[in-house]
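**Student:** Please read through the structure below; I'll follow up with questions.
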Amino acid sequence: MFSAIKEQFNLFWQARIERERKMLVICALFIAAAITYGFFLAPALSGRKQLSESLPILNQQLAEINELSKQQTGLTANLAEFIAPVSREQVEAVLGRRGIKAQTVAVSDDLVRLQIPTAAYANLMECLVELQKASRLTVEEAKLVALLENGQVSATLTLRQQRNAP
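For the sequence shown, the residue numbers in my numbering are 116 to 281.
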C-alpha cells in the first residue's frame with residue numbers, strides 16, 4: 116500500500132514543472148512551520164507569559180498565607196494557655212444568668228453533664244453559646260425533649276471543654 120502511494124506521488128511530482136515543484140516545497144514548508152508554531156510554540160509562549168505575570172502575585176499570596184499560619188499557631192498556643200479548667204460554679208453562673216435551673220451539674224476533667232428539667236429553648240441555646248465563648252465548651256451529646264408549654268424543653272447535655280488546638 117505504501118509503495119502504491121509513493122508511486123502515485125512520484126507520478127504527480129514528475130508531472131509538475133520545476134517552478135511548480137519549488138512552489139509546492141515552499142508551501143509545504145510554510146504549512147509545516149505554521150502547524151509547528153500553532154501546536155507547540157504559541158501555547159508555550161502564552162503559558163510562559165501568563166506564568167511570569169501570575170508568579171509575583173502567587174508569591175505574595177504564599178507569603179501572606181505563611182504569615183497568617185504563623186499568627187494562627189501563636190494564637191492557638193496562647194488560647195490553650197489561657198483557658199482555665201471549667202468549674203461547676205462557672206456553669207451554674209451562666210445558667211443562672213439565663214434563668215435556667217439545672218437539676219444536676221456534674222463536672223469531671225473536661226466533661227460537664229447537665230440535666231435541665233425545664234428551660235426555654237432560646238435561653239438554652241444562648242446559654243450554650245455563652246459557655247462555648249467563655250469556657251470553650253462544645254456539645255458532645257444532647258437530648259432535648261419538647262414539653263407541653265410552647266418553646267419549653269427538657270434537656271440532658273454532655274459538654275466537653277476544648278483545651279488543645281483544634
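C-beta atoms are modelled at their ideal positions from N, C-alpha and C, and glycine is treated no differently.
Are there 16 or more other CB atoms within 10 angstroms of the CB of isoleucine 215, so buried, or fewer, so exposed?
**Tutor:** One-based indexing of the sequence shown puts residue 215 at position 100. Burial call: buried.
**Student:** Could you tell me if serine 184 is buried or exposed, where buried requires 16 or more neighbouring beta carbons within 10 angstroms of its beta carbon?
**Tutor:** Within the sequence shown, the letter at position 69 stands for residue 184. Serine 184 should be labelled exposed.
**Student:** Determine contact between the segment 270 to 279 and the segment 216 to 235, defined as no fewer than three beta-carbon pairs at a distance below 8 Å.
**Tutor:** A contact exists between the segment 270 to 279 and the segment 216 to 235.
**Student:** Given the structure, does glutamate 179 come close to the ligand PLP, in the sense that its CB is under 6 Å from one of the ligand's heavy atoms?
**Tutor:** This structure does not include the ligand PLP; it has no bound ligands of any sort.
**Student:** CA-CA distance, phenylalanine 127 and methionine 116?
**Tutor:** Counting from 1 along the sequence shown, the entry for residue 127 is found at position 12. Counting from 1 along the sequence shown, the entry for residue 116 is found at position 1. Their Cα atoms are separated by approximately 17 Å.
**Student:** Could you tell me the distance, in whole angstroms, from the CA atom of asparagine 265 to the CA atom of alanine 237?
**Tutor:** What you label residue 265 is simply residue 150 of the sequence shown in a count that begins at 1. What you label residue 237 is simply residue 122 of the sequence shown in a count that begins at 1. About 11 Å.
**Student:** Taking valine 220 and cysteine 242 to be in contact with their CB atoms under 8 Å, please state how far apart those CB atoms are, rounded to whole angstroms.
**Tutor:** For the purposes of this step, residue 220 is identified with residue 105 of the sequence shown, where counting begins at 1. For the purposes of this step, residue 242 is identified with residue 127 of the sequence shown, where counting begins at 1. About 12 Å; that fails the 8 Å criterion.
**Student:** List, from N- to C-terminal side, the beta strand (DSSP E) runs of 3 residues or more that fit wholly inside the segment 188 to 269.
**Tutor:** 219 to 223, 226 to 235, 252 to 261
**Student:** Would you kindly check if the distance between the Cβ of valine 260 and the Cβ of serine 269 is under 7 Å?
**Tutor:** As a working note, residue 269 is residue 154 in the sequence shown. As a working note, residue 260 is residue 145 in the sequence shown. Against a cut-off of 7 Å, the Cβ pair of valine 260 and serine 269 comes out as a contact.
**Student:** Arginine 275 by DSSP, collapsed to three states: which one?
**Tutor:** Indexing the sequence shown from 1 puts residue 275 at position 160. Note: arginine 275 maps to strand in three-state DSSP.
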